[in-house]
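Those letters in the sequence shown? Residues 1190 to 1502, per this note's numbering, in order. Please read the structure below before turning to the comments.
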Amino acid sequence: MAQIVATAGIDVSKDRLDVAVHPTDQQFSVTNDEAGWRILVRRLKPLGTRAIGIEASGGYERGAIVALFKAGLPVRSVNAWKLRQFARAAGLLAKNDRLDARAIAWFVATLPSREVRHDPAVDRLAELVTARRQLVDAIQQTGNQIEHLRDAALRRMQQRRIRQLERDLAQLDLRIARAIDESPVLAARRDLLCSMPGVGPVLAATLLALLPELGTLGSRPIGALVGVVPYDFDSGRMRGLRCIFGGRAAVRRILFMAAQAAALWNPTLKAFKHRLIAAGKKPKVAIVAVMRKMIVTLNAMLRDNQTWRTAAV
């Protein structure tokens, strides 16, 4: 009798995990806490699941991932947009937690998905880097509010808030640097990244935390993960504009700012941008090309353990 190869999908909410097993359609729910994680492992381990899909949910998924990883179970990360498109194509038009879990299980049974690699040092750094991004957003939002305030007392209050947020940001930057220094692997990777002119501590920390695949993939896959690979938009005789799509927005945002600086101060990337402009490319298209050049080169530097000075660009 042929053995059924099962996959599982987990839909994550703050208080609960909804689980579905494909192709048996077995479903159950557990609490999203240590007791629930133990039950989750106990229920899934005997099934011999070849893949357990889980969708990022603002950090609420971390405890379950760690528990599954410690139990030696294969966890796969599911892209939310791809999952939604897959569910629609499969006719799963309704949406609730149980159906989402079923869609995830079916998705990982059908399509390749990225394996989740649990590294406590990277997880800790990712939490700090995410908190930094939220602080920067809060500073920018508060600054925008001040521009529209007429009341002097309110303006002073918001200015005090910005100063406090900036102090918190400085402290967080120190904690991020310390977290990297405490890990020999992360520190070595950081030093390689920062050898490229235009890569500073913020971009390096962001790449280490939010793009741990850097140095392990080919040029096109790593570019696609960031969202800087141009895709064709052609049909018949129509030739549409190539455009970038998807990817990790938090990484792309920091890379965009770094690329603007690198295009001014990094001689190689500056010349690269000028060649594109001279060839008729729009300035923003040229900057995206610089972003892709940077991430592909940084990927090669980590892969080959080479600094910028010895890397082939």
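Heads up, the beta-carbon is just placed ideally off N, CA and C, and yes, glycines get one too. A quick note: this is a predicted structure, and the numbers were derived from the prediction, not measured.
TODO: Answer with buried or exposed for methionine 1385, where buried requires no fewer than 16 other C-beta atoms within 10 angstroms of its C-beta.
DONE: Position 196 of the sequence shown, counting from 1, holds the residue named residue 1385. Burial call: buried.
Task: Whole-angstrom distance between phenylalanine 1275 and alanine 1269, CA atom to CA atom - done: For the purposes of this step, residue 1269 is taken as the residue at position 80 of the sequence shown. For the purposes of this step, residue 1275 is taken as the residue at position 86 of the sequence shown. Each residue's alpha carbon lies about 10 Å from the other.
Task: Where serine 1246 sits in the DSSP three-state scheme - done: Here residue 1246 is taken as the residue at index 57 of the sequence shown, counted from 1. Serine 1246 falls in the coil class under three-state DSSP.
TODO: Evaluate alanine 1398 with the Cβ neighbour count: other Cβ atoms within 10 Å of its Cβ, from every protein chain shown; 16 or more gives buried, anything less gives exposed.
DONE: Position 209 of the sequence shown, counting from 1, holds the residue named residue 1398. Alanine 1398 comes out buried.
TODO: Can you grab the Cα-Cα spacing for the pair serine 1302 / proline 1309, in whole Å?
DONE: Working through the sequence shown from its first residue, we reach residue 1302 at position 113. Working through the sequence shown from its first residue, we reach residue 1309 at position 120. One alpha carbon belongs to serine 1302, the other to proline 1309, and they sit about 22 Å apart.
Task: DSSP state of arginine 1379 mapped onto helix, strand, coil - done: Working through the sequence shown from its first residue, we reach residue 1379 at position 190. Residue state, collapsed to three classes: helix.
Open item on the list: So if DSSP puts isoleucine 1241 in a beta bridge, which residue, or which two residues, is it bridged to?
Closed with: As a first step, residue 1241 must be located in the sequence shown, where it is residue number 52. Ala1197 and Val1264.
Task: Buried/exposed call for threonine 1405, threshold 16 Cβ in 10 Å - done: Along the sequence shown, read from residue 1 onward, the residue named residue 1405 stands at position 216. Looking at its Cβ environment, which holds fewer than 16 other Cβ atoms inside 10 Å, threonine 1405 is exposed.
Open item on the list: For valine 1477 and threonine 1220, what's the separation of their Cα atoms in angstroms?
Closed with: Numbered from 1 along the sequence shown, position 288 holds the residue referred to as residue 1477. Numbered from 1 along the sequence shown, position 31 holds the residue referred to as residue 1220. The alpha-carbon atoms of valine 1477 and threonine 1220 are separated by roughly 43 Å.
Open item on the list: Can you give me the C-alpha to C-alpha distance between threonine 1196 and alanine 1283, rounded to a whole angstrom?
Closed with: Within the sequence shown, numbered from 1, the residue matching residue 1196 stands at position 7. Within the sequence shown, numbered from 1, the residue matching residue 1283 stands at position 94. Rounded to the nearest angstrom, the two C-alpha atoms are 21 Å apart.
Task: Cβ separation of proline 1401 and arginine 1306, assumed to be a contact under 8 Å, to the nearest whole Å - done: Along the sequence shown, read from residue 1 onward, the residue named residue 1401 stands at position 212. Along the sequence shown, read from residue 1 onward, the residue named residue 1306 stands at position 117. Indeed they touch by this definition, with Cβ atoms about 7 Å apart.
Task: Sub-8 Å separation of glycine 1225 and glycine 1198 beta-carbons - done: The sequence position of residue 1225 within the sequence shown is 36, counting from 1. The sequence position of residue 1198 within the sequence shown is 9, counting from 1. Against a cut-off of 8 Å, the Cβ pair of glycine 1198 and glycine 1225 comes out as no contact.
Open item on the list: Quick check: what's the CA-CA separation for leucine 1338 versus arginine 1442?
Closed with: By 1-based counting over the sequence shown, the position of residue 1338 is 149. By 1-based counting over the sequence shown, the position of residue 1442 is 253. Leucine 1338 and arginine 1442: Cα-Cα distance of roughly 28 Å.
TODO: Ignore the nearest five residues each way along the sequence and tell me which others in leucine 1358's own chain have a CB closer than 8 Å to its CB.
DONE: Counted from its first residue, the sequence shown places residue 1358 at position 169. Result list for leucine 1358: Arg1321, Leu1324, Val1325 and Ile1328, in chain order.
- [ ] Determine the burial state of isoleucine 1466: buried for a count of at least 16 other Cβ atoms within 10 Å of its Cβ, exposed for fewer.
- [x] For the purposes of this step, residue 1466 is taken as the residue at position 277 of the sequence shown. It counts as exposed.
Task: arginine 1205 - containing beta strand (DSSP E), residue span - done: For the purposes of this step, residue 1205 is taken as the residue at position 16 of the sequence shown. Arginine 1205 -> beta strand (DSSP E) spans 1205-1211.
Task: Burial state of glycine 1416 (16 or more Cβ within 10 Å) - done: Counting from one through the sequence shown, the residue named residue 1416 turns up at place 227. Buried: at least 16 other Cβ atoms inside 10 Å.
- [ ] Rank Lys1473, Met1346, Arg1291 and Pro1390 by C-alpha distance to the C-alpha of aspartate 1207 and give the top, closest one.
- [x] Numbered from 1 along the sequence shown, position 18 holds the residue referred to as residue 1207. If we check each option's Cα against that of aspartate 1207, Arg1291 comes out closest.
- [ ] Compute the Euclidean distance between the alpha carbons of aspartate 1200 and methionine 1490, then round it to the nearest angstrom.
- [x] Position 11 of the sequence shown, counted from the start, is the residue given in the question as residue 1200. Position 301 of the sequence shown, counted from the start, is the residue given in the question as residue 1490. Each residue's alpha carbon lies about 37 Å from the other.
- [ ] Leaving aside the five residues before and after isoleucine 1228 along the sequence, list all residues of the same chain whose C-beta is less than 6 Å from its C-beta, in chain order.
- [x] As a first step, residue 1228 is located in the sequence shown; it is residue number 39 there, counting from the start. Cβ within range, chain order: Val1219.
Task: DSSP-derived helix/strand/coil call for serine 1372 - done: Stepping through the sequence shown from its first residue, residue 1372 is reached at position 183. Correct three-state label for serine 1372: coil.
- [ ] Quick one: grab the DSSP three-state call for serine 1408.
- [x] Counting from one through the sequence shown, the residue named residue 1408 turns up at place 219. Helix at serine 1408.
Open item on the list: Using the Cβ count rule (16 or more neighbours within 10 Å means buried), how would you classify asparagine 1285?
Closed with: Translated into positions along the sequence shown, residue 1285 becomes position 96. Asparagine 1285 is exposed by the Cβ-count criterion.
- [ ] Name the one or two DSSP bridge partners that arginine 1350 has.
- [x] Your numbering for residue 1350 matches position 161 in the sequence shown. None; arginine 1350 has no bridge partner.
Task: Range covered by the alpha helix (DSSP H) that runs through valine 1418 - done: For the purposes of this step, residue 1418 is identified with residue 229 of the sequence shown, where counting begins at 1. Run containing valine 1418: none; DSSP gives neither H nor E here.
Task: With 16 other Cβ atoms within 10 Å as the buried cut-off, status of lysine 1482 - done: Walking along the sequence shown from the start, residue 1482 turns up at place 293. Buried is the call here.
Task: Beta-carbon contacts of alanine 1209 that lie in its chain and below 6 Å, excluding the five residues immediately before and after - done: Residue numbering aside, residue 1209 sits at position 20 when the sequence shown is read from its first letter. Residues of the same chain with a CB within less than 6 Å of the CB of alanine 1209, apart from the 5 flanking positions on each side, are Gly1198, Gln1216, Ala1290, Arg1291 and Ala1294 in chain order.
- [ ] Identify, in the order they occur along the chain, each residue of the same chain with its Cβ nearer than 6 Å to the Cβ of cysteine 1383, setting aside the five sequence neighbours on each side.
- [x] Residue numbering aside, residue 1383 sits at position 194 when the sequence shown is read from its first letter. Closer than 6 Å at Cβ, skipping near neighbours: Ala1393.
Task: Exposed unless 16 or more other CB atoms sit within 10 angstroms - verdict on threonine 1299 - done: Residue mapping note: residue 1299 aligns to position 110 of the sequence shown, counting from 1. A residue is called buried when at least 16 other Cβ atoms come within 10 angstroms of its Cβ; threonine 1299 does not meet this threshold and is exposed.
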